[in-house]
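For the sequence shown, this note's numbering assigns the number 223 to the initial residue and increments by one for each residue that follows.
Ideal Cβ positions, reconstructed from N, Cα and C, are used throughout, including at glycine.
None of the values given here were measured: they were computed from a predicted structure.
Accompanying notes for the structure given below.
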Amino acid sequence: MPPKRKGDEPGVPSARERKKLRLADARMIAVQPVASGSSERQGHQQTNHPNPVAGPSKTVMSLDTLQGLPATIDVERFTEARAYEIHAMQKAIKSAGESSTHRAWQTLPRHLRRRAASHNVRRVPLRVREKARAEMDPVKRKTHKTLPKRGKAKQITRTEALLKRQHDKTWLETHIWHAKRAKMENLWGYRLAVTPTEKAFRPSHRASIHGSILHDASYYATIELKGPEGLLQSVLESCCDPQSSGIKQCMLGSRVCDTHIYEHGCWPLGLIGPITIIWQPSPQLSTPVAIEGPTTESQNNHMGKGKQNPGKMEPTADFSCQQRVIWIRVHPAVFDEVFEVLKNSASHALQTSKEKNPDLASQIEMADLRGSINAFEIMGPKSSQVIKGALSPVGSEDRADFNKFWASLSDLQTAGNIPRRMVIGFKVHDPRLKFPPKNAKPSFPDMTNPPATPSSSLIFPSSIIAQTEIWDEAKREVLKKPKYKKKDLDERRSKILIPGTKLNPLRQDDRIPVMLIQRSLESPPASFDGGQGIHGWTLLFPAGWSMALLSSLIYTGTRFAGQRERRKQYFEAAAPGFPIDYPTSRACEVASEQRAESERARWERTPPAKRASWEKLGTRSPWRADWGVVLGLETPVAVAATAEGLVTTQRENGQDTATVQGDAPSVRHPWLLRGPKVPSILADPFTPPYEFLVQINKLRNKYRMPPLDKDVPTDDLWQTALVMTRAKMAGRGAPSDLANIYKMNDIEARKWLRAINKRGSDPHGNVDEPMEHELAEVKAEQEDIIGYVTTGDLSLSRGEGFALGAIPVVQYVALRKQALRLAQPTVIVKIRNREATTSRMAYLELLDA
223 MPPKRKGDEP GVPSARERKK LRLADARMIA VQPVASGSSE RQGHQQTNHP NPVAGPSKTV
283 MSLDTLQGLP ATIDVERFTE ARAYEIHAMQ KAIKSAGESS THRAWQTLPR HLRRRAASHN
343 VRRVPLRVRE KARAEMDPVK RKTHKTLPKR GKAKQITRTE ALLKRQHDKT WLETHIWHAK
403 RAKMENLWGY RLAVTPTEKA FRPSHRASIH GSILHDASYY ATIELKGPEG LLQSVLESCC
463 DPQSSGIKQC MLGSRVCDTH IYEHGCWPLG LIGPITIIWQ PSPQLSTPVA IEGPTTESQN
523 NHMGKGKQNP GKMEPTADFS CQQRVIWIRV HPAVFDEVFE VLKNSASHAL QTSKEKNPDL
583 ASQIEMADLR GSINAFEIMG PKSSQVIKGA LSPVGSEDRA DFNKFWASLS DLQTAGNIPR
643 RMVIGFKVHD PRLKFPPKNA KPSFPDMTNP PATPSSSLIF PSSIIAQTEI WDEAKREVLK
703 KPKYKKKDLD ERRSKILIPG TKLNPLRQDD RIPVMLIQRS LESPPASFDG GQGIHGWTLL
763 FPAGWSMALL SSLIYTGTRF AGQRERRKQY FEAAAPGFPI DYPTSRACEV ASEQRAESER
823 ARWERTPPAK RASWEKLGTR SPWRADWGVV LGLETPVAVA ATAEGLVTTQ RENGQDTATV
883 QGDAPSVRHP WLLRGPKVPS ILADPFTPPY EFLVQINKLR NKYRMPPLDK DVPTDDLWQT
943 ALVMTRAKMA GRGAPSDLAN IYKMNDIEAR KWLRAINKRG SDPHGNVDEP MEHELAEVKA
1003 EQEDIIGYVT TGDLSLSRGE GFALGAIPVV QYVALRKQAL RLAQPTVIVK IRNREATTSR
1063 MAYLELLDA
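Encoded structure:
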């Protein structure tokens, strides 16, 4: 009979038999040989087997033979006698576990596994490198081809080679670190990390809720404005949202202002995107003078609610002409637009100032600080302990308020306990000196004894605590390149007699000025929202120190976040993320177009039998939201499957929808109404359209902008407005991006409410009443589409489907009237995913952020 397998020969053990012998030999426990003529102390029989092994005992001892055993035993001598057996057992366990069951690289923990470790011994740790080398097949080992070296004249350095790869995009300082651990994409002119390569969706959410997570936000652009305080205030008021008084409240420099920027003098039209305004604390404001008089509103914000003003401290001089500096941080997708708007607003402010006072010569300087200021966003309840453990303030920080704040970081349960948008400035030592860092441990004092460290609730924003040298351009330039490389610090560390001792800062070591800003992602509480806010810090520091800080912060156990994890933080906090949650803005249009092209290409590559049929599903616009059709500005065209793809919508007669003249944008285009006062503007569902325009003009008059009724028809303003909403599923279902939002008539709405209310009761109580699944199968009409979901998914913090979307103001007012007729506290709609056949009921509420 021929051999069953190739290579098997008669009389020669096969590979399977050799493997069995090898496994049996690995699992064999060696027994200590006994010399000839010797006997056991305990009366055992002599064993003279030449190669004894462990096996079952063949001697059965009776009760009479146990009578001669000693009453006591010497543990030390007994252990020495059994040392060989213990060692043999441990060795057998180890050899049995490592023998052909797992290769060397498979025994490593997950964070040490590398794809190249299976064929490259140098990718395996030293402790198992010998075993890996024995397992390596020398015949199949890959040979690394060496390319011919360049001549001396053509040789380039590694830095030059890396710079050549950045001809069409910009790398962050942490690019190489992220490129080894995350999937990278070209976004907004940068090469950014999208998501970690490991499974990190749920761990990243848990880190933001229970731990800490870090995101490198150095791609955000910073614009610097210098000029008289009055002119800078006029520049901001002419292009920022007038619904909040944050610009005046943050002028002391103790807080930052989060607002939205618009085209010059065009609010509420011409939305560009969100910005963050930071005022440099003035030295004059940091030294207040005691005067008599009532406390101003700015002082109340400076001191915090509930704190008295014992000395009535207020600066006496008029600082309207004082030279101030502000930083405006913007998303890179809208940097060019924001820069042009600020330049236009500055020109108008200077012209107005010159008309009022021709003798006064003033100027405003603008500078692009991209590449000069880096930023880390550290979110989560443990972010305060991580920052305190990784950073070491210099000894010259003798400010009492800062010392109180720094001492309270250890016991800070969450950064949400700190006043919102508070600014803290200080100077730290080189973090590499104390590497590896340790997280600050919170103390749990006895309730009878008060804690030694001050409570964070007693620390208030002030211009004194916000002072920092990061505003000085000369000092930022000096620190752009660290004075000592890592190898220099390692050499200093090797000379220390006690290993593991931290390096002491020397006079010539770098001192890094930083700025710490409290950051919160949250929305006002909703009637149905079960989510929670996410709090943390934004750390601003000079360029050149990203890797030094990143190594220390990540070593503390902090996870890193890409663009996907950052978007999920906004989603879980029910806060709109830029740019995808800002419909009608130019940045959102660009992002939507890129997503549409990618998804269309993927859909066309998919076989017809495996892809969604939009025509049969009744999906009118599968690739992007057709706001013009929703608002009635464009005529929908029936979906038709063509060779090129889909034809969704087009303008009627090919006419342009722009009808308004002047500087203000045309309101025949969709525009988004945003701001904290939107709920009060739309509080009464029976408010006529002209009252809507009156309330908008009141807010425009607050910043001395002309009213809109001269150029904009009231009906056009009312019919083309969109508002952001949040939706929670009433039952099953999880909405996805670009899901359709449908309205319902009163009859269908009552059926849905009865079906939802009787869930859990007898399903067969009334056979005439339709069930929830029956109503979900009813096909919705395309004419009933009133909006789209911009971001939707299963919310991990809520445990159910949740979505952010947008609908017209007209439809929202109509839904409010329907809710009053149905005696419902919130409006109800239907949501259907674009690739689904069923519709699900959801509760809808206005997003006032």
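Residue pairing by DSSP places residue 545 opposite 450 in a beta bridge.
Approximately 5 Å separates the beta-carbon atoms of residue 737 and residue 692; this is inside 8 Å, confirming the contact.
Residue burial annotation: residue 1033 is buried, with at least 16 other C-beta atoms found within 10 angstroms of its C-beta. One alpha carbon belongs to residue 455, the other to residue 469, and they sit about 8 Å apart. Beta-bridge annotation (DSSP): residue 942 is not paired with any residue. Put simply, the backbone Cα of residue 855 is about 22 Å away from that of residue 1002.
Beyond the five residues adjoining it in sequence on each side, residue 927 comes within less than 6 Å, by CB distance, of 487 in the same chain, given in chain order. Here residue 477 really is in contact with residue 683; their C-beta atoms are around 5 Å apart, less than 8 Å.
Sequence-distant partners of residue 480 (beyond 5 residues in either direction) whose C-beta falls short of 6 Å from its own C-beta, in its chain, are 498. In this structure the stretch 719-734 touches the stretch 652-662; the number of beta carbon pairs closer than 8 Å is three or more. Excluding five sequence positions before and after residue 1041, the CB atoms of its chain that fall closer than 6 Å to its own CB belong to 1049, given in chain order. Residue range 733-743 is occupied by the beta strand (DSSP E) that includes residue 735, with no alpha helix (DSSP H) assigned at that position. Counting along the chain, the unbroken alpha helix (DSSP H) around residue 769 starts and ends at 768-777. Between the stretch 569-584 and the stretch 414-426 there are fewer than three inter-stretch CB-CB distances shorter than 8 Å, so the stretches are not counted as touching. Note on geometry: alpha-carbon atoms of residue 601 and residue 430 lie some 6 Å from one another. Ranked by Cα distance from residue 411, the options 1013, 808, 556 are led by 556. Counting the other Cβ atoms within 10 Å of the Cβ of residue 381 gives fewer than 16, which makes it exposed.
When DSSP reads this structure, residue 764 sits in a beta bridge with 595.
Here the alpha carbon of residue 585 sits roughly 13 Å from the alpha carbon of residue 579. Contact between the stretch 438-445 and the stretch 460-475 is not established, with fewer than three Cβ pairs separated by less than 8 Å. Judged by DSSP in its simplified three-state form, residue 712 adopts helix.
In terms of Cα proximity to residue 548, the closest of 449, 435, 766 is 449. Listed as beta-bridge partners of residue 587 by DSSP are 448.
Here residue 895 is not near residue 804, since their CB atoms are 8 Å or more apart. Within the stretch 895-980, the complete beta strand (DSSP E) segments of 3 residues or longer fall at 943-951, 962-964, listed in chain order.
Contact between residue 1037 and residue 965 holds, since their C-beta atoms are separated by about 7 Å, short of 8 Å. Residues 437 of the same chain have their beta carbon placed closer than 6 Å to that of residue 788, with the five preceding and five following residues left out of the count.
In this structure, residue 698 and residue 615 do not form a Cβ contact; the two beta carbons are roughly 19 Å apart against a cut-off of 8 Å. For residue 552 and residue 1045, the gap between their C-alpha atoms comes out near 44 Å. When beta bridges are read from the DSSP output, residue 1053 appears opposite 963, 1062.
Looking at the DSSP output, residue 1017 sits in a beta bridge with 1022. Membership of residue 661 in any alpha helix (DSSP H) is not indicated, and neither H nor E is assigned to it by DSSP. The three-state reading of DSSP puts residue 1001 in coil, since its state is none of H, G, I, E or B.
Residue 902 is positioned such that its CB atom lies no closer than 8 Å to that of residue 1055. Only residues of its own chain outside the window of five on either side were considered, and among them 248, 249 have a CB closer than 6 Å to the CB of residue 318, listed in chain order. Between the stretch 803-822 and the stretch 841-854, the count of Cβ pairs shorter than 8 Å is three or higher; the stretches touch.
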